[in-house]
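See structure below.
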Amino acid sequence: MTEAGPGAGVPVAVVRQAGVPRQVLPPCGPAARRGALEAVLGDPGDAANPLGDAGVLAAERRGDLPLGGEPSLAAFGLHEDFVPEEHGGRLAGLDGAAALLRAVFRRDAALGRGYGSASLGAALYAWCFGTAGQRAATARLLLAGERIAGGAAVEEGLTATAGDAAPLRLTGRTAGLVNAPRAAGLVVVPRHAGPDGESVLLLRRGDLPPGSVGQLSPYDVGVPPRIPAGELVLDDWPVPAGAVIGEVGDGQWVTRRVAQARLPLLPSMAVGCADTALRAVLTAVLTERGGVRGMRSRVTRRTVVGAFADLLAADCLSLVTLRSLHLMPERSSIWSAAARYLVQRLLQEGVGDLMTVLGTDSMRDGDGLGTFHKQVRDLAAMPPGPAGSAAALATLLPQLPTLARRSWTAEGQPAPAELFRPDGPVPPLAGARLKLAAADDGLTVLLARARDGLADEGLANWPTALSDELAALRAQCRRLPELDPAVLANPRGFALSERYALLAAAAACLGVWRAAKHAGTGGFLAEPAWLLTALGRISVRLGLPVTAASADHEDVLLAEAVRRCREGRSLDLYDTALGTPARHHEKG
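Now the structure itself:
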């Protein structure tokens, strides 16, 4: 297969033998890699671009993926970003992989899930807990451009029993698996027939019986309808040697730890959907299309600023979560659960508020607003959903009493500055270091210490109510029993979890702002305006008394959002140039 290389000004053509990965990839930093991908995706505003907004919307209406979308991503070599560098790929950090896939989600969530996120999530089982042979086999498969299908939980319909000639035999069927009909590998977690738990299995498609993978309607399995989905059906099939990831019976142990790394990925990618939705509305405002409220409207300005601030807050929490999996894996469980619950909610609320800007055009698809409505639909269809949100809160809940006793004070050890730096280097993912419960919390220490320290950093108007809220939450959670989650599983307990998630997001925003400020390079992220606006909106969600947002701060955020829209740049923390956008013609 001949492949065009990823850019950074370095054209690369490589011929691969079947199943043999490229050994040395050309160097390409994270920002350059994102820029090269955007060049492949092209101008989102170009009506002739099949991967632009109009082309993607037309494909969705036809019930197809965008024309040429998957071949373009394959030629770019995006699948190499799902394989760790030590196995011949480009994956250095999950935050970098999520940022790349976010670029695809910015165009079309179905394309992003079908080509990338489904395989990346399934491959994490091998990267975290696979043997050297399993990791090498997974790397060969992905680097060859193949896909891996994987379920999100234990398969209730698939049973494993002990065999004579084989360690396990499988009978039954899986739930629906994204990409199963075209996957070269599958990760499944069958339940054992006896009391011995579950096992995680990595299966090669070539080892399975003919006809055992069937196709399902995507509507039956809760995935976007344009992504192939299927099921695995087996009858007393002997599992090949070497297929078990971890130990036989350790399925829950492995699955829960992998979920810590896997589940925050999609919310981070969903930031791309909110990015495009906000840009679509802002473009309509700047061009004063139809019945859309213009920029002279105070409602418009405040709503755009609020959605922009929510997007940045969501991205801060996502960034901290994904980088913590590498930098602080023993403590990442608390932030992983917070991100799974809160990121999607912040994005949906911010984008939902934009409906008020559309005025009489709120339900119309013309003039680019079809792209806005498509992204709203994509966000609504993404995990975690109500059940996943409740599960995330339930994961947070039993950790709160311990953390309240050990942390959440100014005397605690704060998280390292590297946690808050987009594109900063991280060590390889170490699955064995992932813990289901954090021993302490270095993130919220930033809030606890902020009361007395931020005036010296030029943030005299710091909302101290957030520090007070952390102290109040600590006092309440210290009174809760440890190691007894059943006592806590009630509406009051879930409310405490939600308050913690919001405070974690506030601390993440503070950390990102402080890292940008101390970097000394200036830029928008070093400005206090976005931080104070984002913290103000978090404070409102916590029910705290807040003063009206400064008009100067709103002006700074609005000017930045308008600049990025005019120049065709992303609205997230990365401020990435999107293809080669044409300028919009605005009315005065």
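Going by this note's numbering, the residue at position 129 of the sequence shown is 677; the numbering climbs one at a time, nothing skipped. Using N, Cα and C, we set each Cβ at its ideal position, and we do this for glycine too.
Enclosing alpha helix (DSSP H) for residue i [first to last residue]
i	result
V652	642-655
Q896	880-901
T919	917-929
T854	The amino acid occupying residue 854 in the given sequence is Gly; Thr does not appear at that position. 846-875 is the span of the alpha helix (DSSP H), which, as asked, contains G854.
A1020	1013-1026
E1108	1099-1115
L589	578-589
D601	601-610
Y767	Where Y767 is concerned, there is no enclosing alpha helix (DSSP H), given that its DSSP letter is neither H nor E.
S667	666-677
V1088	1076-1089
F624	617-624
Nearest to residue i (by Cα), restricted to the options the options
i	options	result
I793	P949, L751, L1083	L751
T1012	G1041, Q947, P1093, P934	P1093
D926	A651, G641, A822	A822
A986	S872, W1078, G1070	S872
A1063	E704, L1121, E966	E966
R893	W801, L668, L1119, L1050	L1050
A646	P743, E634, A1099, L668	L668
G745	L725, T707, H635	T707
L716	V796, A1099, G770	V796
E633	D612, L690, A606, E618	L690
K922	N597, R581, A606, G577	A606
R841	M903, D784, V899, A807	M903
P758	P738, V781, L764	V781
E836	L991, R582, V905	V905
A587	H635, M876, V652, D643	V652
G933	G583, G724, G770, R810	G770
E704	G636, G979, W956, A723	A723
Nonlocal neighbours in the same chain, by C-beta distance under 7 Å from residue i, ignoring five residues either side
i	result
L865	A886, A887, L890, V891, A1052, A1053, A1056
G1136	Residue placement at G1136 cannot be trusted, given a pLDDT of 39 that sits under 50; what the coordinates show is reported in the next sentence. Nothing meets the Cβ criterion.
G600	G590, D591, P592, G593, D594
A731	R695, I696, A697, R753
L814	S665, M930, P931
G557	Here G557 scores only 33 on pLDDT, less than 50, and its place in the model is too uncertain to base an answer on.
Start-to-end residues for the beta strand (DSSP E) that takes in residue i
i	result
Q961	No beta strand (DSSP E) contains Q961, which DSSP labels as neither H nor E.
H740	738-740
T803	Counting along the chain, T803 falls outside any beta strand (DSSP E), though it belongs to the alpha helix (DSSP H) covering 799-810.
Q763	761-764
V819	No beta strand (DSSP E) holds V819; the alpha helix (DSSP H) holding it covers 813-835.
I696	696-698
E704	703-710
P786	777-786
T719	716-721
V748	748-752
C-beta atoms of residue i and residue j nearer than 9 Å
i	j	result
V604	R655	yes
C719	H740	Note that residue 719 is Thr in the sequence shown here, rather than Cys. Result no, Cβ atoms of T719 and H740 do not sit closer than 9 Å.
L1126	S1118	yes
F624	L585	yes
A1109	F856	yes
G936	P962	no
L870	L672	no
K983	S1098	no
V974	G641	yes
F630	R805	no
P949	L1028	yes
A657	M817	yes
R1112	D1123	yes
L1090	R1047	yes
Whole-Å CB distance - residue i paired with residue j, under 8 Å assumed
i	j	result
S1045	L895	Contact doesn't hold; Cβ gap of about 19 Å is too wide.
R650	V819	6 Å
L995	S1015	5 Å
V736	V802	Not confirmed; about 12 Å, so no contact.
A952	R1022	5 Å
P738	Q763	No, P738 and Q763 are not in contact; Cβ-Cβ is about 21 Å, not under 8 Å.
G611	P772	Their Cβ separation, rounded to whole angstroms, is 10 Å, which puts G611 and P772 out of contact at 8 Å.
Neighbourhood of residue i by C-beta, 6 Å cutoff - its chain only, sequence neighbours within 5 removed
i	result
A828	G916, T919, F920
E1102	V853
G662	I775
R849	L1106
A666	V726, N727
L1080	H1101
E878	R981, K983
S884	Q808, P812, T869
Beta-carbon contacts of residue i that lie in its chain and below 8 Å, excluding the five residues immediately before and after
i	result
Q682	A674, L750, G790, I793
L1121	L860, D863, C864, L867, P970, V1060, L1073
C-beta neighbour in chain C for residue i, strict 9 Å
i	result
L1119	You won't find chain C in this structure, because it holds only one protein chain.
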